[in-house]
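Undergrad: One rule links them: number in this note's numbering = place in the sequence shown (from 1) + 1.
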Amino acid sequence: MANPQRGEVEARIDGECKTLCLTLGALAELEGRLQTGDLVGLAERFSGGRISARDLTAILGAGLRGAGNAISDDDLARMSIEGGLKGAAEIAAALLRVTFGETM
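In structure tokens, the structure reads:
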């Protein structure tokens with residue numbers, strides 16, 4: 002079960018309940034992958050409310066790996082996420098909120 006106090010959220014992906022967490026390593030991965038430079042740049046990128054499918058895949062993939070799930074972004078992109086695109090966006094938003102706070 003996910004613990005929001007530890008920055009964790011839960012999601013149903015390919016019919017399995019998975020925990021996601023943006024650890025420091027996962028955040029560093031996102032900074033590099035999305036070329037934001039630092040945590041402030043990362044937070045600014047997502048605070049505007051505009052997000053691409055590539056961003057969603059990067060956030061969810063980093064969160065899954067941060068919680069110990071061995072999965073590539075390419076594999077994740079082929080999986081079914083409960084709620085479809087809307088569900089993926091809601092999971093990413095929840096993950097960013099528990100990581101950066103309610104200002105996201």
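We treat Cβ as the ideally placed atom computed from N, Cα and C, and that holds for glycine. All values derive from a computational prediction rather than experimental measurement.
Excluding the 5 residues flanking residue 49 on each side, which residues of the same chain have their C-beta closer than 7 Å to its C-beta?
TA: none
Undergrad: Could you work out which residue in 14, 54, 65 and 76 is closest to residue 28 when comparing CA atoms only?
TA: 65
Undergrad: Any idea if residue 43 is buried or exposed, counting beta-carbon neighbours within 10 angstroms, 16 or more meaning buried?
TA: buried
Undergrad: If you compare alpha carbons, which of 100, 91, 73 and 53 is closest to residue 62?
TA: 73
Undergrad: Would you say the stretch 82-96 touches the stretch 10-21, given that touching needs at least three Cβ pairs under 8 Å?
TA: yes
Undergrad: Residue 16 to residue 2, Cα distance in whole Å?
TA: 16 Å
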